[in-house]
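Peer 1: Here the sequence shown is numbered in the UniProt record's numbering, starting from 1 and rising by one per residue. Don't be surprised by glycine CBs; every beta carbon is placed ideally from N, CA and C. Treat the numbers as computed from the prediction; the structure is a model and nothing was measured.
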Amino acid sequence: MSQLIVFRALQGVGGSGLYSLSQISLAEIAPHGKNALIGMLIGITLATSFVLGPLLGGAISGSNWRWIFYMNIPSGFVCMFGLVILWPRDFGGPIHPWREFWRIDFIGNIFILAACVLMVYSLQQAGTTIFAWTSVEFIATFVVSVVCWALFWAWQLVLKHLPIQIEPVFPVRLVYNRVYMSAVVAMFLSGYCYLAIVITLPERFQIVNDDSALMAGVHLIPMLGATSLGSIIAGALSKRKNNTSRTLVAAACLQVVGLGLLTTFDAPSSPTNPQFGYQAIFGLGVGLTFSSATILTKIQASGRDHAVAQGVMAQVRVLGGALGLVVCNVIFNIHLESLEAKLSAAENDALHRSPMALMDMGEKVEPGITRDVKEVFSTSFQSMVWVMFWVAVAEVVASLCTWEMNPTSLDEIDAAALARAHAGHKQDGIRGGSDTELENLSSSLNTRTA
Numbered sequence: 001m002s003q004l005i006v007f008r009a010l011q012g013v014g015g016s017g018l019y020s021l022s023q024i025s026l027a028e029i030a031p032h033g034k035n036a037l038i039g040m041l042i043g044i045t046l047a048t049s050f051v052l053g054p055l056l057g058g059a060i061s062g063s064n065w066r067w068i069f070y071m072n073i074p075s076g077f078v079c080m081f082g083l084v085i086l087w088p089r090d091f092g093g094p095i096h097p098w099r100e101f102w103r104i105d106f107i108g109n110i111f112i113l114a115a116c117v118l119m120v121y122s123l124q125q126a127g128t129t130i131f132a133w134t135s136v137e138f139i140a141t142f143v144v145s146v147v148c149w150a151l152f153w154a155w156q157l158v159l160k161h162l163p164i165q166i167e168p169v170f171p172v173r174l175v176y177n178r179v180y181m182s183a184v185v186a187m188f189l190s191g192y193c194y195l196a197i198v199i200t201l202p203e204r205f206q207i208v209n210d211d212s213a214l215m216a217g218v219h220l221i222p223m224l225g226a227t228s229l230g231s232i233i234a235g236a237l238s239k240r241k242n243n244t245s246r247t248l249v250a251a252a253c254l255q256v257v258g259l260g261l262l263t264t265f266d267a268p269s270s271p272t273n274p275q276f277g278y279q280a281i282f283g284l285g286v287g288l289t290f291s292s293a294t295i296l297t298k299i300q301a302s303g304r305d306h307a308v309a310q311g312v313m314a315q316v317r318v319l320g321g322a323l324g325l326v327v328c329n330v331i332f333n334i335h336l337e338s339l340e341a342k343l344s345a346a347e348n349d350a351l352h353r354s355p356m357a358l359m360d361m362g363e364k365v366e367p368g369i370t371r372d373v374k375e376v377f378s379t380s381f382q383s384m385v386w387v388m389f390w391v392a393v394a395e396v397v398a399s400l401c402t403w404e405m406n407p408t409s410l411d412e413i414d415a416a417a418l419a420r421a422h423a424g425h426k427q428d429g430i431r432g433g434s435d436t437e438l439e440n441l442s443s444s445l446n447t448r449t450a
């Protein structure tokens, strides 16, 4: 177990970097006029990876845990080989590693890391009853998290006025961009719903319907297909005209409809076939959101802020999902209290930590208890989806706040960027075309937004 924890932590450090850098780099090196295509590709990749997680996890559940790492070897090798061979040699200007290293906002990174980790940790531990909500451990970690959030924002404000060249983790100027910040909130709420449903729905299939881990993952394929389709449609809708805000609103509405229909999946005897259609409606909305938010960020964030802006989108998506899983645990444990008198102390403790503990207990649990736990999880799942439903309603409101009466045309952005790229060629012969050349362009274009 110690090996699994250590290696998973190392994998997480590398994976988190790849998660953001791949999205940023793709937008940086993309040819002009391909904003919609890039948003579509990123949306498809994200949607596919989230759903393939439970599917592949179910496939290897009967094997050794080391396969979690082994499966990354072939794909990782292909990616490294492709980057070494295909990455453009003349991309951008000369880089000075040490100068760039000292421009990193180490203080801001420490504050936001502590704020996010401690917040999720405290809520997760209390939600699984490892800590009591009134315990010193929970209060201390949660309060420190809040303090770190306050210190982070204070430091970003201070950094803006310091005469030093440090790139802030989150430039304060982005906070004043209504369209972008509304999209950030919408992405956070969409991440909450998507990751929560991707985890809890397979759990329901395993616990209530006695499906295998593999089949529980297979049952998510309708969502995977619809999410990928949504990413493609979002890219097509904004290929020429900037329809990102309108697409975000429609996407949030589809998520509300899909989750509202999933609330009818409320009893162990509920038919499973209709929920595949409900999944598809919800997944279509998620795909539209992921792709449109990526395109919108490309438009709204200037060249020097683009990497940060895309990184924030990636972070809030995962942070929202982590919070969603915490809330789902809390809801299940509240419902589980009705069975405390029937369960032993060990069974109570195991189920409070994870409802999947019922699968590990197997025949050790009396049939009557198994039936009761299935009823409890089925009821709690409906409550979880109801919470997701209202979160999706809030996402509709956030998406409406991205609305622009006269959005900047994608053709106009591409034409201006291409002109600057040609100017850069004439001046120094360095390849242009990336967002790093648009530093002064975005501010002039965004004056049209209202």
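Determine the direct distance from the alpha carbon of L220 to that of E375, and round the result to whole angstroms.
Peer 2: So the two alpha carbons sit approximately 22 angstroms from each other.
Peer 1: Going by DSSP, what residue range makes up the alpha helix (DSSP H) through S212?
Peer 2: Taken as a continuous stretch (DSSP letters only), S212 belongs to no alpha helix (DSSP H), as it is neither H nor E.
Peer 1: Just to confirm the assignment: which complete beta strand (DSSP E) runs, minimum length 3, are found wholly within the segment 311-353?
Peer 2: Runs found: none.
Peer 1: The alpha helix (DSSP H) with L229 in it runs from where to where?
Peer 2: Segment 221-237, the alpha helix (DSSP H) holding L229.
Peer 1: DSSP on S139, reduced to helix/strand/coil?
Peer 2: According to the sequence as given, residue 139 is Ile; it is not Ser. Of the three classes helix, strand and coil, the one that applies to I139 here is helix, per DSSP.
Peer 1: If you compare alpha carbons, which of W102, F131, N243, S378 is closest to S269?
Peer 2: That would be S378, whose Cα lies nearest to the Cα of S269.
Peer 1: Along the alpha helix (DSSP H) that carries P355, what are the first and last residues, could you check?
Peer 2: Premise fails: P355 is in no alpha helix (DSSP H) and is neither H nor E.
Peer 1: For the segment 313-323 against the segment 175-192, do three or more pairs of beta-carbon atoms, one drawn from each stretch, fall closer than 8 angstroms, so that the two count as touching?
Peer 2: Yes, they touch.
Peer 1: If you follow the alpha helix (DSSP H) that S292 is part of, which residue opens it and which one closes it?
Peer 2: Residues 273-300.
Peer 1: If we ignore side chains and look at the alpha-carbon of each, how far apart do I73 and Q255 end up?
Peer 2: Cα to Cα, I73 sits roughly 35 angstroms from Q255.
Peer 1: Going by beta-carbon coordinates alone, are H352 and L336 separated by less than 8 angstroms?
Peer 2: Yes; because the gap between Cβ atoms is below 8 angstroms, this pair is in contact.
Peer 1: Give me the Cα-Cα distance between V249 and S399, rounded to the nearest whole angstrom.
Peer 2: Near 5 angstroms, if we compare the C-alpha coordinates of S399 and V249.
Peer 1: Taking 8 angstroms as the limit between beta carbons, can you name the residues of its chain near Q206, skipping five residues before and five after?
Peer 2: Within the same chain, Q206 has close Cβ partners S212, A213, A216, M356, M359.
Peer 1: Can you give the beta carbon distance from A234 to G287, rounded, assuming they're within the 8 angstroms contact cut?
Peer 2: Going by Cβ atoms, the distance from A234 to G287 rounds to 7 angstroms, so yes, they are a contact pair.
Peer 1: Helix, strand or coil, according to DSSP, for E167 in the structure here?
Peer 2: Reduced to three states, the DSSP call for E167 is strand.
Peer 1: Determine the burial state of G43: buried for a count of at least 16 other Cβ atoms within 10 Å of its Cβ, exposed for fewer.
Peer 2: Buried.
Peer 1: Over the uninterrupted alpha helix (DSSP H) stretch that includes T247, give me the two end residues.
Peer 2: Counting along the chain, the alpha helix (DSSP H) containing T247 begins and ends at 244-262.
Peer 1: The alpha helix (DSSP H) that contains F81, what's its start and end?
Peer 2: Run containing F81: 72-86, per the alpha helix (DSSP H) assignment.
Peer 1: Run through the DSSP bridge pairs and tell me what I104 is partnered with.
Peer 2: The partner list for I104 (beta bridge, DSSP) reads E167.
Peer 1: Just the C-alpha distance for N329 and S354, rounded to the nearest angstrom, thanks.
Peer 2: C-alpha separation (whole angstroms): 8 angstroms.
Peer 1: Near W155, what residues of its chain come up, given a Cβ to Cβ distance below 7 angstroms and the 5 sequence neighbours on each side ignored?
Peer 2: For W155, where only same-chain residues beyond five positions count, the Cβ hits under 7 angstroms are I107, G108, F111.
Peer 1: Can you name the start and end residues of the alpha helix (DSSP H) that D66 belongs to?
Peer 2: Sequence check: residue 66 is Arg here, not Asp. Looking at the DSSP string, R66 is not in any alpha helix (DSSP H), and its letter there is neither H nor E.
Peer 1: I need the boundaries of the alpha helix (DSSP H) containing R173, first residue and last residue.
Peer 2: 172-175 is the span of the alpha helix (DSSP H), which, as asked, contains R173.
Peer 1: Taking V387 as the reference, which of L21, G260, G57, L10 has the closest Cα?
Peer 2: Of L21, G260, G57, L10, the residue nearest in Cα terms is G260.
Peer 1: Please report the Cβ distance between V396 and A252, rounded to the nearest whole angstrom; I am assuming they are in contact, meaning their Cβ atoms lie under 8 angstroms.
Peer 2: Right, their Cβ atoms sit about 4 angstroms apart.
Peer 1: Let me confirm a value: G277 is counted as buried when at least 16 other C-beta atoms fall within 10 Å, else exposed. Which label applies?
Peer 2: G277 is exposed by the Cβ-count criterion.
Peer 1: What would DSSP say about K160, mapped onto helix, strand or coil?
Peer 2: Helix.
Peer 1: What is the DSSP secondary structure of C401, counted as helix, strand or coil?
Peer 2: C401: coil per DSSP, three-state reduction.
Peer 1: Tell me the rounded alpha-carbon separation between residue 454 and V6.
Peer 2: Shown here, the chain extends from 1 to 450; a query on residue 454 therefore has no answer.
Peer 1: If the criterion is Cβ atoms closer than 8 angstroms, does the pair A115 and F142 meet it?
Peer 2: No, they are not a contact pair.
Peer 1: Could you check which residue in A150, I334, Q300 has the C-alpha nearest to that of N242?
Peer 2: Checking every option, the nearest Cα to that of N242 belongs to Q300.
Peer 1: Alpha carbons only, please: which of T263, I295, G283 is nearest the one belonging to S245?
Peer 2: Looking at the Cα atoms, I295 is the closest of the given residues.
Peer 1: With a CB to CB cut of under 6 angstroms and the five nearest residues on each side skipped, what residues in its chain are close to L284?
Peer 2: The residues are A226, G230, L254.
Peer 1: Applying the criterion that 16 or more other CB atoms from any shown protein chain within 10 Å of the CB defines a buried residue, is S145 buried or exposed?
Peer 2: Answer is buried; the Cβ neighbour count reaches 16.
Peer 1: Tell me which residues share the same chain as V308 and place their Cβ nearer than 8 angstroms to its Cβ, disregarding the 5 neighbours each side in the sequence.
Peer 2: Counting only Cβ-Cβ distances below 8 angstroms, and skipping sequence neighbours, we find E167, P168, V169, F170, P171, L174, A301.
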